[in-house]
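Trainee: The structure is given below, and queries will be raised subsequently.
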Amino acid sequence: MRERFRVVGEARLVGEVPVVGAKNSALKLMAVALLAEGRTILTNMPDIADVRVMAELLRRLGVTVDLDLEGGIAVLDVPGVIGRRADYELVRALRASISVLGPLVARAGEADVAIPGGDAIGSRGLDLHAAGLEALGAEVHVAHGYLVATAPRGLRGAQIRLDFPSVGATENILMAAVLARGRTTIDNVAREPEIHDIARMLTSMGARIHGAGTSRVVVDGVDVLSPTEHRVVPDRIAAGTWAFAAATTRGDVEVVGGVAEHLTSPLALLADAGCLVEQTERGFRVAVPEGTARPTAFDVATLPYPGFPTDLQPFALTYNAVADGSAMVTENLFEARFRTAQELARLGADVQVDGHHVMTHGVPLLSGAPVQSSDIRSGAALVVAGLVADGYTLVGGIHHIDRGYPSFEVALRSLGADVVREPDDEWFE
Ligand code: UD1
């Protein structure tokens, strides 16, 4: 059944909201578990749909997965011999399932992973993953819609330089290199906190990794890894979502469990724009005290970490749509990631899309209307937009939001918003 959110506008979010483990780490850590036979325990797991899809994918590889997501726990029992195939049906639902590629080649000597829709090897998408595994000695080709990687004689260390610091490629190469023979040096790697988290878990399993969190990572391969217990790093994108939601609604929100150091660029921009941003004992707080001036719009360009995250770009757009003044948002990481701008225009925002730039001229209040989510972040950003519109806004396609935010509407209600989930009976296919 399709569902939508009914969002009552002219809201001001006030209160505290918890942030748990990062989606983009949790999914990869589940893949990391494949590298060791035995029982891995992950804690601080987010209660989101994507984790359930990843659990199903691992079950089909022979892993026994017990999820207690209300308690934030996943227990993964990995057998001595694992499967090697990730079916299209699941990969299509979860692009992050490509992260089983590295662990499967390293452990099983072969991986058949469906190619997510829209990607082709040699084009942008998976070329860096494939080139990295080839450098480690795997043979990689495409057959019947699958990326097939084989390494019958095992992987061996290599010198790898990424043309671009791809998050997914860095992770796959790292997860393969830990079991390769000899030393692997990877240059120009992605430095996201989620990658550091993967490196920490691998290290606790017995991997030998140096330089995690910097642009050069050195891995000395080991023969075998052991299962571990690991706590997932807090979700900086969820934390950033609440930071922007507080600023956009001119509210006052403490993000409990949020790590300010992982959001240096977004929080500095919000502080410069006139918001109160402060660290607290439990996380951080973003507020626009009542009676103070409307925060100002700001120019921002997305960049690999520690730059401004592309996943927060829809929230920057929504913020600018109601902030004081004109500003430009530039998307440098993904093409065609401006669906939010088109939907914001339906809500009365003054936005102009020009290539990978969006110009906004802030208006004090948007105008409630039906809009459609196209991905996790655009969906959540449209809900925030609905909070600063008059009347009410119907946000469709909320299965996208459920992929990444645990009970989004419940969290919003706890901050004083009026947001309900209801059947979307106006949807025609
Ligand atoms: C991850 C995150 C996603 C985030 C992105 C950038 C997960 C599940 N997703 O995605 O939320 O927006 O990082 O921070 O963790 N590229 C290539 N060749 C490759 C790989 C990537 O050209 O082999 C290109 C992509 O097409 C894209 C850009 O590099 O334009 C960034 O991709 P990447 O950093 O790999 O992002 P993901 O790992 O897919």
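Numbering (my numbering), first residue to last: 11 to 439.
Cβ atoms here follow ideal geometry from the backbone N, Cα and C, with glycine treated the same way.
What you are looking at is a predicted structure, and each value in this text was computed from that prediction instead of being measured.
1. Short of 8 Å in beta carbon distance, which residues of its chain neighbour Pro-299, apart from the five on each side in sequence? Order them along the chain.
2. Using only alpha-carbon positions, find the residue among Ser-176, Ala-200, Gly-142 that is nearest to Ala-190.
3. With Ser-424 as the anchor, note down where its alpha helix (DSSP H) starts and where it stops.
4. I'd like the ranges of any beta strand (DSSP E) spanning at least 3 consecutive residues and lying wholly in the segment 69–129.
5. How many angstroms separate the CA atom of Arg-356 from the CA atom of Arg-16?
6. Might you give, ordered along the chain, the residues of its own chain that have their beta carbon closer than 7 Å to the beta carbon of Leu-279, omitting 5 neighbours on each side?
7. Leu-343 to Thr-320, Cα distance in whole Å?
8. For Ala-391, collect the residues of the same chain with a Cβ closer than 6 Å to its Cβ; drop the 5 residues on either side in sequence, then sort them by chain order.
9. Give the secondary structure of Gly-19 by DSSP, where H, G and I count as helix, E and B as strand, and everything else as coil.
10. Secondary structure at Thr-224, three-state DSSP: helix, strand or coil?
11. Do Ser-377 and Asp-400 have their CB atoms nearer than 7 Å?
12. Just to check, is the beta-carbon of Asp-137 closer than 6 Å to a non-hydrogen atom of the ligand UD1?
13. Taking just the CA atoms, how far does Trp-252 sit from Leu-114?
14. Which residue from Ala-43, Asp-57, Leu-23, Gly-25 puts its Cα closest to that of Pro-416?
15. Do Leu-327 and the ligand UD1 come close, with the Cβ less than 6 Å from some heavy atom?
16. State the Cα-Cα distance for the pair Ala-217 and Arg-166, rounded to the nearest angstrom.
17. Can you tell me whether Gly-132 is helix, strand or coil according to DSSP?
18. When you measure from the CB of Leu-71 to every non-hydrogen atom of the ligand UD1, does any distance come out below 6 Å?
19. Going by DSSP in three states, Gly-406 sits in which element: helix, strand or coil?
20. Using three-state DSSP, classify Asp-197 as helix, strand or coil.
21. Please list, in chain order, all residues of the same chain as Val-243 whose beta carbon is under 6 Å from its beta carbon, the five residues on each side excluded.
22. Taking 7 Å as the cut-off, decide whether the C-beta atoms of Ile-237 and Arg-49 are in contact.
23. Under the rule that 16 or more other beta-carbon atoms within 10 Å means buried, what is Gln-169, buried or exposed?
24. For Val-177, verify whether its CB is less than 6 Å away from any heavy atom of the ligand UD1.
25. Does the ligand UD1 have even one heavy atom less than 6 Å from the beta-carbon of Thr-320?
26. How far does the beta strand (DSSP E) with His-2 in it extend, from its first residue to its last?
27. Should Leu-143 be counted as a contact of the ligand UD1 given a C-beta to heavy atom distance under 6 Å?
28. According to DSSP, is Thr-258 part of a helix, a strand, or is it coil?
Mentor: Reading off the structure:
1. Asp-262, Leu-286
2. Gly-142
3. 418–424
4. You should have 74–78, 83–88, 120–124.
5. 16 Å
6. Same-chain partners within the cutoff: Phe-308, Val-310.
7. 7 Å
8. The residues are Pro-324, Phe-325, Thr-328, Thr-350.
9. coil
10. coil
11. yes
12. yes
13. 36 Å
14. Asp-57
15. no
16. 15 Å
17. Because the pLDDT of Gly-132 is 41, which lies under 50, any placement of that residue in the model is unreliable, and the question is left without a value.
18. no
19. strand
20. strand
21. Ala-32, Ser-35, Pro-203, Asp-207
22. According to the sequence as given, residue 237 is Pro; it is not Ile. Closer than 7 Å, so yes.
23. exposed
24. yes
25. Shortest gap from the CB of Thr-320 to any heavy atom of the ligand UD1: under 6 Å.
26. Past the edges of the chain, shown from 11 to 439, lies residue 2, and the structure says nothing about it.
27. no
28. helix
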